[in-house]
Amino acid sequence: MFSIRCLDKIAFCALLCVLYYTSQSEGLPLRKRSVSEMQLMHNLGELKHVQERQEWLQMKLKDIHTASLKHSAEKGDRVRNRRLLPQDFPELEELSPDDIEYICNLLEILLKAQ
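Under our numbering, the letters of the sequence shown match residues 640 to 753, in that order.
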């Protein structure tokens with residue numbers, strides 16, 4: 640039978656061995672990642688990138704000033720009613736055409752709701 644003091648020493652030695660081997664791996668994975676793990680990591684990175692772009696877009700949309708449309712509608716003038724096009728937003732050139740189309744549709748919905 641081992642004494643308590645001996646068990647403490649064995650546990651301490653085991654802890655030191657675990658710490659030593661984890662420090663020697665230098666953050667590298669202990670095994671190669673499977674294809675599904677790599678795809679999951681890629682999808683996660685892509686999702687974070689899309690979320691950052693959406694947050695940036697929300698900040699840009701807050702800066703849009705539509706007071707002239709509201710003012711002309713109050714006067715009784717007929718507001719020009721046409722579909723928004725991607726060319727109407729030259730400052731959004733770094734977005735893909737699909738993203739700009741989505742933004743245009745969202746803006747049309749918001750303008751109709753007012």
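Every residue, glycine too, gets a C-beta built ideally from N, C-alpha and C.
In whole angstroms, what is the alpha-carbon distance linking residue i and residue j?
{"i": "Asp738", "j": "Gln690", "result": "13 Å"}
{"i": "Leu745", "j": "Gln697", "result": "11 Å"}
{"i": "Glu733", "j": "Trp695", "result": "12 Å"}
{"i": "Gln663", "j": "Ala650", "result": "20 Å"}
{"i": "Met680", "j": "Ser642", "result": "48 Å"}
{"i": "Cys743", "j": "Leu700", "result": "11 Å"}
{"i": "Tyr659", "j": "Met677", "result": "28 Å"}
{"i": "Lys648", "j": "Thr661", "result": "20 Å"}
{"i": "Gly684", "j": "Tyr741", "result": "22 Å"}
{"i": "Ile748", "j": "His688", "result": "25 Å"}
{"i": "Val657", "j": "Ser673", "result": "25 Å"}
{"i": "Glu730", "j": "Leu654", "result": "57 Å"}
Might you give, ordered along the chain, the residues of its own chain that have their beta carbon closer than 6 Å to the beta carbon of residue i, omitting 5 neighbours on each side?
{"i": "Cys645", "result": "none"}
Would you check whether the ligand MN has a heavy atom nearer than 7 Å to the C-beta of residue i?
{"i": "Leu658", "result": "Looking for the ligand MN in the displayed structure turns up nothing, as the structure carries no ligands at all."}
Identify, in the order they occur along the chain, each residue of the same chain with its Cβ nearer than 8 Å to the Cβ of residue i, setting aside the five sequence neighbours on each side.
{"i": "Arg692", "result": "Leu734, Asp738"}
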